[in-house]
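Read in order, the letters of the sequence shown correspond to residues 1 to 383 in the UniProt record's numbering.
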Amino acid sequence: MATASTKIVISGYYGFRNSGDEAVLKSILNSLEDQGKQQGIQIEPIVLSGDPEWTSKMYGVRSVGRLKIREIRQLLKESDGLISGGGSLLQDSTGIMTIPYYLGIVRIAHWLRKPVFIYAQGVGPVQKKFFFSWIKNSFKKSAYVSVRDQESALLLEKMGLSRSKVEVVADPVMGLPLPVKQEPIHINPLNTIKEANIDSLPVVGISVRFWDKQRRELDGIADGLRLLSQELPVHLRFLPFHLPEDEQASQYVIDRIGDISDHGSVISSAEQVTDPQQMLVEVSRCHAIIGMRLHSLIYAASQSVPLIGISYDPKIDQFLNRLQIQATGTSTKVEPLQLAQETKALLDDQEGWRASKASLIELLKQDAASPARFIAHYYLAQR
């Protein structure tokens with residue numbers, strides 16, 4: 001019997017070379033393929049992207065420009081449905097037009113009577129109250145609504161959406177596997193080390209970004225890392241998730257740390273990593289992660305790498321809450337001594353950390369597949 005073909009348009013923040021968002025897309029594509037195979041459904045994804053050519057080349061899928069509304073309308077008309085997500089799409093902290101854009105795509109699908117699946121979104125912060133009714137009405141008409149944390153579900157309930165309509169799942173990236181073929185990681189130390197072998201040093205992965213205009217959190221992180229390197233020899237491995245901005249933020253921290261080679265420590269930076277699974281490999285080879293970017297922490301959790309979160313946005317705290325962890329610092333203050341002590345404690349007891357978080361991490365991994373499983377069941381029922 002021929003396998004049924006189902007075309008689904010996917011709307012999100014894709015094609016901008018943000019490793020976290022690209023990991024979300026890769027995870028969704030993987031889950032749809034896996035669940036489709038289990039249900040005997042061939043799912044054909046079509047991705048709305050800021051760089052369609054790059055997205056098609058990277059993932060081997062059809063992709064169209066995310067601002068070509070006329071073309072998107074025709075695509076949706078010819079499709080079997082729309083996935084909106086994942087990620088922090090419905091928030092107004094990055095601009096007033098973010099919510100109208102993503103809800104606009106959802107409404108086109110609704111007008112065309114296509115099923116809409118809200119896929120593991122992180123909703124909020126939403127400061128403009130007039131957006132509440134927009135979001136509620138769009139989600140109410142959708143075939144399925146899932147969010148990646150309890151805080152998002154509570155916000156939707158505050159907006160007037162029935163709690164029974166919403167499933168709380170994990171971020172899709174919790175289900176992202178390591179690639180079958182792993183490219184070798186090239187390390188070009190940014191400083192020299194004395195009396196130490198770089199391969200023997202514990203690796204601390206660091207994901208930073210610009211947020212506070214006064215750079216208070218970056219200064220605190222840099223000072224904390226310098227204290228850590230004075231306590232024990234370490235390999236500080238910077239992992240820029242969003243290019244080129246995170247490369248610049250990393251360099252700011254590196255410059256402030258200064259030369260730590262006298263203590264037997266070394267600094268390096270991952271260069272131009274755009275493939276999400278290759279960044280996952282980078283994270284998996286660390287002994288601990290200090291992260292500002294949400295997906296640096298999600299990557300770490302998925303690979304059972306001990307982690308420390310620096311919170312610049314509620315979504316960081318919301319993810320840490322699911323692991324029963326509190327942020328070590330905020331966007332305005334990171335205590336250097338506390339950061340150094342907590343990082344050293346993680347390095348000293350990695351197995352203890354993994355044992356204490358194993359059940360929580362496993363639950364997140366199981367939840368990550370729920371939206372794709374629902375979508376596959378939905379189309380199976382239509383046959």
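We treat Cβ as the ideally placed atom computed from N, Cα and C, and that holds for glycine.
Over what stretch of residues does the beta strand (DSSP E) that includes residue i continue unbroken?
i    : result
R216 : That residue, R216, is in no beta strand (DSSP E); its alpha helix (DSSP H) goes R216 to E231.
L201 : Neither: L201 is in no beta strand (DSSP E) and is coded neither H nor E.
L178 : Where L178 is concerned, there is no enclosing beta strand (DSSP E), given that its DSSP letter is neither H nor E.
H263 : Element bounds for H263: n/a, residue is neither H nor E.
Comparing alpha-carbon positions, which option in the options lies nearest residue i?
i    : options                   : result
S356 : D92, V47, V305 and I316   : V305
T98  : Q74, I135 and A120        : I135
V169 : K68, R373, E78 and G205   : R373
I289 : D275, R148, Q350 and K37  : Q350
Q42  : V24, I254 and D80         : D80
F117 : N137, S146, Y102 and Y101 : S146
S284 : D212, I254, Q182 and Q230 : Q182
E245 : E167, L29, Q303 and F210  : F210
C286 : R107, A23, S207 and E167  : S207
S265 : L243, N197, D255 and S27  : N197
S19  : R322, D275 and Q366       : D275
E22  : Y379, A368 and P172       : P172
Excluding the 5 residues flanking residue i on each side, which residues of the same chain have their C-beta closer than 6 Å to its C-beta?
i    : result
I10  : P45, V47 and I83
P179 : Q277
I187 : S268
L32  : I43 and A372
A300 : V283, I289 and L307
V203 : H235, R237, C286 and H287
With 16 other CB atoms within 10 Å as the buried threshold, where does residue i fall?
i           : result
R66         : buried
D199        : exposed
G86         : buried
residue 409 : This structure cannot speak to residue 409, because the chain is shown only from 1 to 383.
L363        : exposed
G12         : buried
W111        : exposed
E282        : buried
Q272        : exposed
I69         : exposed
R354        : exposed
A369        : buried
A358        : exposed
K194        : Its pLDDT being 48, under 50, K194 is placed unreliably in this model, and the value from its coordinates should be taken loosely. Exposed: under 16 other Cβ atoms inside 10 Å.
K141        : exposed
Anyone know if the C-beta pair for residue i and residue j falls short of 7 Å?
i    : j    : result
L225 : L218 : no
A327 : L337 : no
V64  : E71  : yes
E151 : Q318 : yes
I308 : E342 : yes
K114 : L76  : yes
S296 : F241 : yes
Q214 : H263 : no
R73  : I108 : yes
G50  : F16  : yes
V234 : L201 : yes
V123 : L154 : no
The alpha helix (DSSP H) with residue i in it runs from where to where?
i    : result
V47  : Careful: V47 lies outside any alpha helix (DSSP H), inside the beta strand (DSSP E) at I41 to S49.
V283 : P276 to S284
R73  : I69 to E78
Can you find the residues in the same chain that come closer than 8 Å, C-beta to C-beta, to residue i, ignoring five residues on each side of it along the sequence?
i    : result
D92  : T98, I99, P125, V126, Q127, K128 and F131
E157 : R163 and V166
Using a Cβ cut-off of 7 Å (strictly closer), state whether residue i contacts chain D.
i   : result
E78 : Here there is only one protein chain, and chain D is not present.
Leaving out five residues before and five after residue i in sequence, what residues of the same chain have Cβ atoms less than 7 Å from its Cβ?
i    : result
M159 : F132, I135 and K136
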